[in-house]
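Participant:
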Amino acid sequence: MKNLWRVLPFSFILLFLAGCGKQNLSALDPRGPVADMQHSLIGLSLLIMVFVIVVVAAIYIFVLIRFREKPGDNHIPEQVEGNKNLEIIWTAIPILLLIILAVPNVMDTFTLADTETDDDTLVVNVTGHQFWWEFEYPDLEITAGQDLYIPTDTRIVFNLEASDVIHSFWIPALAGKQDNVPGITNDMWIEAPEEGVYFGKCTELCGEAHWLMDFKVVAVDPDTFDEWAQGMAEPDSELIEPTEEVAAEGREVFEQNCLACHAVGGEGGNPQGGPDLTNFGERTVIAGFMEYDDESLEAWIRHPEEQKPGNLMPGFDQLDDDEMDSLIEYLNSLKVLDDE
Ligand code: CUA
295 MKNLWRVLPF SFILLFLAGC GKQNLSALDP RGPVADMQHS LIGLSLLIMV
345 FVIVVVAAIY IFVLIRFREK PGDNHIPEQV EGNKNLEIIW TAIPILLLII
395 LAVPNVMDTF TLADTETDDD TLVVNVTGHQ FWWEFEYPDL EITAGQDLYI
445 PTDTRIVFNL EASDVIHSFW IPALAGKQDN VPGITNDMWI EAPEEGVYFG
495 KCTELCGEAH WLMDFKVVAV DPDTFDEWAQ GMAEPDSELI EPTEEVAAEG
545 REVFEQNCLA CHAVGGEGGN PQGGPDLTNF GERTVIAGFM EYDDESLEAW
595 IRHPEEQKPG NLMPGFDQLD DDEMDSLIEY LNSLKVLDDE
């Protein structure tokens with residue numbers, strides 16, 4: 295039992311640190327130039343802080359031992375108050391350290407704050423909603439929900455907005471966080487040199503399901519991105535009028551129940567509604583966090599409130615099993631990229 299109490303704190307620390315280790319969800323494992331810059335700044339600050347702690351602690355311990363009171367010896371050590379050389383040394387060292395810290399900080403701050411765009415920049419307007427993310431690509435006339443597709447090796451500039459309360463947009467492996475504030479537009483930029491999925495989080499307490507307000511950044515090569523953008527802008531007619539029978543029935547269920555809030559292929563939805571679902575079948579999670587399979591999808595559609603408290607989607611428990619099955623079939627068919 296005694297051992298348990300010794301080990302317990304460490305197990306918690308381990309558990310906590312293990313959580314930080316999820317691939318592409320760590321600021322300590324930067325995957326792009328912005329995160330790299332921020333990571334080196336943290337590293338430099340840490341280095342200087344550790345240096346100061348070590349030096350001060352060493353002097354402190356030395357003084358404690360060297361000048362401790364010995365029995366029979368009660369003479370007072372030499373007083374150094376007003377010693378010009380010492381005063382200069384311990385004024386100059388901190389100034390020097392601050393300069394070492396300030397130069398890269400100021401330089402990187404200007405680089406990071408520079409959100410100028412040119413012809414090669416991809417602009418994405420990011421809107422935080424309770425509790426999901428909307429990604430609008432103004433130049434491409436596309437709106438996507440939850441999954442943020444970006445081309446690799448391209449400068450991406452985000453305009454951050456919010457529709458209800460304050461949220462905060464964070465892709466730890468690609469860049470530090472920035473707030474989405476209603477009525478204010480903040481901006482930031484990123485670049486992702488490597489293809490992959492980078493996980494994102496809302497980091498501002500924004501309501502009951504704040505902790506479930508996750509999203510994904512899917513970095514693909516520029517050709518795949520063009521294909522995706524093309525598919526989103528002009529979706530296959532299959533998505534609107536499926537030829538397959540079950541999916542066609544599902545489309546009808548969708549039109550009656552879902553289309554007023556969720557757009558597919560530029561049709562339907564409304565500004566107060568939910569995420570665009572044009573490429574829903576390509577997601578790997580439902581509602582940002584549930585594993586994508588038919589059971590979870592049904593659980594979500596019937597009782598979304600139980601899965602993600604406080605979200606605005608009403609439940610559709612009135613659908614019978616056939617309607618539900620065909621609706622799920624239709625949702626699974628919503629894809630804009632060719633299956634590899
Ligand atoms: Cu949105 Cu927390």
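Remember, our numbering sits 294 above the position in the sequence shown when you count from 1. Note that CB positions come from ideal geometry on N, CA and C, so glycine has one too. Keep in mind it's a predicted model, so treat the numbers as computed, not measured.
(1) Could you tell me if V357 is buried or exposed, where buried requires 16 or more neighbouring beta carbons within 10 angstroms of its beta carbon?
(2) Taking the C-alpha atoms as reference points, what is the distance between E485 and E375?
(3) Count the other CB atoms within 10 Å of the CB of T639; is the residue buried (16 or more) or exposed (fewer)?
(4) Would you say the beta carbon of M583 is closer than 7 Å to some non-hydrogen atom of the ligand CUA?
(5) Give the range of the alpha helix (DSSP H) segment to which W427 is assigned.
(6) In angstroms with no decimal places, state the Cα-to-Cα distance between S462 and D412.
(7) From this set, W427, R360 and V346, which residue's C-alpha is nearest L391's C-alpha?
(8) What span of residues does the alpha helix (DSSP H) with K629 cover, start to end?
(9) Under a Cβ-count criterion, where at least 16 other Cβ atoms within 10 Å of its own Cβ denotes burial, should T437 be classed as buried or exposed?
(10) Looking only at C-alpha atoms, which of L434, G582 and T448 sits nearest to W522?
(11) Using a 10 Å radius around the Cβ and a threshold of 16 neighbouring Cβ atoms, would you call A581 buried or exposed?
(12) Give the straight-line distance between the Cα atoms of L319 and N368, rounded to the nearest whole angstrom.
(13) Quick check on P516: does DSSP put it in helix, strand or coil?
(14) Over the uninterrupted alpha helix (DSSP H) stretch that includes E592, give me the two end residues.
(15) Closer than 6 Å by C-beta to G604: which residues in its own chain qualify, once you throw out the five before and the five after it? Chain order, please.
(16) With a Cβ-Cβ cutoff of 8 Å, do G563 and C555 count as a contact?
(17) In the structure shown, what three-state DSSP assignment does T578 receive?
(18) Could you name the residues that DSSP lists as bridge partners for P487?
(19) What beta strand (DSSP E) runs, 3 residues minimum, are completely inside the region 400 to 424?
(20) Which two residues bound the contiguous alpha helix (DSSP H) that contains H461?
(21) Note the first and the last residue of the continuous alpha helix (DSSP H) segment covering D458.
(22) Could you tell me which of E535, T405, S339 and I359 sits nearest to P327, measuring between CA atoms?
(23) I'd like the span of the beta strand (DSSP E) that includes G470, first residue to last.
(24) Does N480 come within less than 8 Å of chain B when only Cβ atoms are used?
(25) Apart from the five residues just before and just after P617, which ones in its own chain have a Cβ nearer than 7 Å to its Cβ?
(26) Below 8 Å, how does it come out for the region 466 to 476 and the region 534 to 542: are there three or more Cβ pairs, yes or no?
(27) With distances taken from CA atoms, which of E589, D508 and F519 is nearest F619?
(28) Within the chosen definition, does the region 436 to 456 reach the region 476 to 483 through at least 3 CB pairs nearer than 8 Å?
(29) Grab me the residues of P398's own chain with a C-beta within less than 8 Å of its C-beta, minus the 5 sequence neighbours each way, in chain order.
(30) Could you spell out the range, first to last residue, of the beta strand (DSSP E) harbouring A438?
(31) Report whether the distance from the Cβ of E498 to the nearest heavy atom of the ligand CUA is below 7 Å.
(32) Give the straight-line distance between the Cα atoms of D323 and A467, rounded to the nearest whole angstrom.
(33) In terms of residue numbering, what span does the alpha helix (DSSP H) encompassing R545 cover?
Facilitator: Result, derived from the coordinates:
(1) With fewer than 16 Cβ atoms within 10 Å of its Cβ, V357 is classed as exposed.
(2) Going from the Cα of E485 to the Cα of E375 covers about 54 Å.
(3) Since the displayed the chain opens at 295 and closes at 634, residue 639 lies outside it and no answer follows.
(4) The question names Met, yet the displayed sequence has Phe at residue 583. F583 Cβ: outside cutoff for every heavy atom of the ligand CUA.
(5) Counting along the chain, W427 sits inside no alpha helix (DSSP H); it lies in the beta strand (DSSP E) bounded by residues W426 to Y431.
(6) Roughly 26 Å between the two C-alpha positions.
(7) Comparing alpha-carbon positions, the option among W427, R360 and V346 lying closest to L391 turns out to be V346.
(8) It is not in any alpha helix (DSSP H) - K629 carries neither H nor E in the DSSP assignment.
(9) So T437 ends up on the buried side.
(10) Of L434, G582 and T448, the residue nearest in Cα terms is L434.
(11) Per the 10 Å Cβ criterion, buried.
(12) Each residue's Cα considered, the two are about 60 Å apart.
(13) Correct three-state label for P516: helix.
(14) Start and end: D588 to R596.
(15) Apart from sequence neighbours up to five positions away, the residues of its chain that approach G604 with a beta-carbon distance below 6 Å are G501, E502 and A503, ordered along the chain.
(16) Result yes, Cβ atoms of G563 and C555 sit closer than 8 Å.
(17) Reduced to three states, the DSSP call for T578 is coil.
(18) Answer is none; P487 lacks a bridge partner.
(19) The region 400 to 424 contains these whole beta strand (DSSP E) runs: 416 to 423.
(20) That residue, H461, is in no alpha helix (DSSP H); its beta strand (DSSP E) goes H461 to I465.
(21) Careful: D458 lies outside any alpha helix (DSSP H) and carries neither H nor E.
(22) Nearest Cα to P327 within the set E535, T405, S339 and I359: T405.
(23) Where G470 is concerned, the enclosing beta strand (DSSP E) stretches over A469 to N474.
(24) The question asks about chain B, but that chain is absent: this structure has only one protein chain.
(25) A small fix is needed here, since residue 617 is Glu in this sequence, not Pro. Excluding positions up to five away in sequence, the list reads V547.
(26) In the pairwise beta carbon analysis, the region 466 to 476 is classified as not touching the region 534 to 542: fewer than three pairs are separated by under 8 Å.
(27) Note on residue identity: the sequence assigns Asp, not Phe, to residue 619. The shortest Cα separation from D619 among E589, D508 and F519 belongs to E589.
(28) Put simply, the region 436 to 456 touches the region 476 to 483. At least three CB pairs are less than 8 Å apart.
(29) Within the same chain, and ignoring the five residues on either side of P398 in sequence, the residues whose Cβ sits closer than 8 Å to its Cβ are S334, L335 and L338.
(30) Looking at the DSSP string, the run of the beta strand (DSSP E) that includes A438 is I436 to G439.
(31) Yes, Cβ of E498 sits closer than 7 Å to a heavy atom of the ligand CUA.
(32) Approximately 6 Å between the Cα atoms of the pair.
(33) If you look at R545, you'll find it in the alpha helix (DSSP H) that goes E539 to N551.
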